[in-house]
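Comments concern the structure below.
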Amino acid sequence: MLQNKRITVSAPGKLMLLGEHAVVYGHPCLVTAVDQRMRATVELLDNLNLELEAEDVKVMGYKKTLSQLGVGDIPKGAKFVEIALKNINDKYPLKSGIKITTKSEFSSQFGFGSSSASTVCVVKAMSEILNLNLSNKEIFDLSFKTVLDIQGKGSGFDVAAAVYGGTLYFVTGGEIIKPLNINSLPLLVGYSGVKADTVTLINKVKASFVGREKRLEEIYSGIAMLVNDAKIAFLSNDLTKVGELMDKNQAYLRELGVSIDKLDCMIEAAIKAGAYGAKLSGAGGGDCMIALSPEEKKQAVINGINSVGETINVRTNAEGVRVEL
Ligand code: PMV
84 MLQNKRITVS APGKLMLLGE HAVVYGHPCL VTAVDQRMRA TVELLDNLNL
134 ELEAEDVKVM GYKKTLSQLG VGDIPKGAKF VEIALKNIND KYPLKSGIKI
184 TTKSEFSSQF GFGSSSASTV CVVKAMSEIL NLNLSNKEIF DLSFKTVLDI
234 QGKGSGFDVA AAVYGGTLYF VTGGEIIKPL NINSLPLLVG YSGVKADTVT
284 LINKVKASFV GREKRLEEIY SGIAMLVNDA KIAFLSNDLT KVGELMDKNQ
334 AYLRELGVSI DKLDCMIEAA IKAGAYGAKL SGAGGGDCMI ALSPEEKKQA
384 VINGINSVGE TINVRTNAEG VRVEL
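Per my numbering: the sequence shown = residues 84 to 408.
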């Protein structure tokens, strides 16, 4: 008989602050981890199966043998967990079955990175339960590989936020992952109610700039410059400057064609109500917008955003992946 071994870990969701899309192509971005977390409990089983319960994404009673990991049709809600486990199993062959139960504090509709956070949870939990002692960079690399195996595209910024937490200066693929030593940000988040698909939007940008590649490069370079300026502004707590750079970033995102009317209206309402700046956050096409607000204007900005969409209460700079007691 196996020992009854069980562990629970959690990882934070994320919000892109500045630099989306450009970061897919070798440029930097700024991302913050949010205090809404994904949890995964992993148990060793006395058989050779994967058993998965992920009620939030409607996966219940999912079961397959370890030798079949990654084979056949995998339900959407099971993909990241299953491929993460497959990547672990390819590298560190498993000698027993695994039961994984995931539970999220946030809706997978928000675009807070639930897939990446659950991937990171599985890799970290497996590292703990098998005593692999994986470093954060190893957890990042295995998790990012999992995301690329499934999506084919992506910078890995969301994986980095889930692993390291805090607010990060991040370059494509984890080439640079640098924590910014800053306080929690006065950030307000508005949800558009529209679900967006990241890979579809990345492809859409590329397709709509065919024949205008030079302009696309200029936009990405412009975004990279403002990310670097924003990093300095954050570190000197110059939120007025950060706000200006957010507005500039949003203008570029509009030119990329990834904003939608609802996000534009929420952003406009936030700025009208006194925000330092506002922009969409993530791939665009829906999901969320963010606004940086002076404390005294906070309620007015919330009211402005709520007149168009819905604010979500989150705190930035959350802790990265951790073992729960
Ligand atoms: O849609 P989200 O929240 O996963 O953000 C995507 C951001 C992109 O830069 C478009 C893609 C990426 O992986 O960096």
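Ideal Cβ positions, reconstructed from N, Cα and C, are used throughout, including at glycine. Remember, predicted model here, so these are calculated numbers, not experimental data.
- If you look at Thr229, you'll find it in the alpha helix (DSSP H) that goes Asn219 to Gln234.
- With respect to Ile157, Val206 sits apart: the two C-beta atoms are not nearer than 8 angstroms.
- Taking the C-beta atoms as reference points, Ala401 is found no nearer than 8 angstroms to Ala383.
- Per DSSP, the continuous alpha helix (DSSP H) segment holding Thr323 begins and ends at Leu322 to Leu339.
- For the pair Tyr145 and Ser199, the Cα-to-Cα distance works out to about 20 angstroms.
- Of the heavy atoms belonging to the ligand PMV, at least one sits nearer than 7 angstroms to the Cβ of Glu103.
- Taking the Cβ atoms as the reference, Ser197 lies roughly 7 angstroms from Phe189, within the contact range of under 8 angstroms.
- Scanning its chain for C-beta atoms nearer than 7 angstroms, with the 5 sequence neighbours on each side dropped, one finds around Gly153 the residues Glu165, Ile166 and Lys169, in chain order.
- Residue Thr185 holds the alpha-carbon nearest to the alpha-carbon of Ala208 among Phe193, Ser191 and Thr185.
- For Tyr359, the three-state secondary structure derived from DSSP is coil.
- For Met99, the shortest separation between its Cβ and any heavy atom of the ligand PMV lies below 7 angstroms.
- Cβ contact annotation for Ser93 (same chain, cutoff 8 angstroms, sequence separation greater than five): Arg120, Met121, Arg122, Ala123, Cys204, Val404, Arg405 and Glu407, in chain order.
- Contact between the region 349-364 and the region 296-308 is absent, with fewer than three C-beta pairs closer than 8 angstroms.
- At a threshold of 7 angstroms, Ser238 counts as near the ligand PMV, since its beta carbon sits closer than that to one of the ligand's heavy atoms.
- Residue side-chain check: Ala244 keeps its Cβ at 7 angstroms or more from all non-hydrogen atoms of the ligand PMV.
- When C-alpha distances from Gly96 are compared across Asp330, Val114 and Lys314, the shortest belongs to Val114.
- The beta-bridge partner set that DSSP reports for Arg122 consists of Ser93 and Lys186.
- A residue is called buried when at least 16 other Cβ atoms come within 10 angstroms of its Cβ; Thr394 meets this threshold and is buried.
- Residue pairing by DSSP puts Phe253 in a beta bridge opposite Cys112 and Ile260.
- In this structure, Lys178 is the residue among Ala137, Cys348, Tyr252 and Lys178 with its C-alpha nearest to the C-alpha of Asp129.
- Residue pairing by DSSP puts Gly248 in a beta bridge opposite Glu402.
- Under the 8 angstroms Cβ criterion, the region 384-392 does not count as touching the region 307-318, having fewer than three qualifying pairs.
- Leu131 and Val142 have their C-alpha atoms spaced approximately 20 angstroms apart.
- A distance below 6 angstroms between beta-carbons, with the five flanking residues on each side excluded, links Val246 to the following residues of its chain, in chain order: Val203, Asn219, Ile222, Phe223, Gly403 and Val404.
- For Cys371, the beta-bridge partners assigned by DSSP are Tyr274 and Ser364.
- For Ile306, the Cβ stays outside the 7 angstroms cut-off from all heavy atoms of the ligand PMV.
- Using a C-beta cut-off of 8 angstroms, the region 246-264 makes no contact with the region 286-296, since fewer than three inter-stretch Cβ pairs fall below that distance.
- Residue pairing by DSSP places Glu136 opposite Thr184 in a beta bridge.
- Rounded to whole angstroms, the separation of the alpha carbons of Lys287 and Ser319 is 36 angstroms.
- Of Gly155, Tyr175, Lys159 and Asn214, the smallest CA-CA separation from Ser191 is found for Lys159.
- Pairing Ser150 with Glu136, the inter-Cα distance amounts to about 19 angstroms.
- Note that the C-beta distance between Lys236 and Leu251 is not below 8 angstroms.
- Annotation for Thr281 indicates a beta carbon within 7 angstroms of some heavy atom of the ligand PMV.
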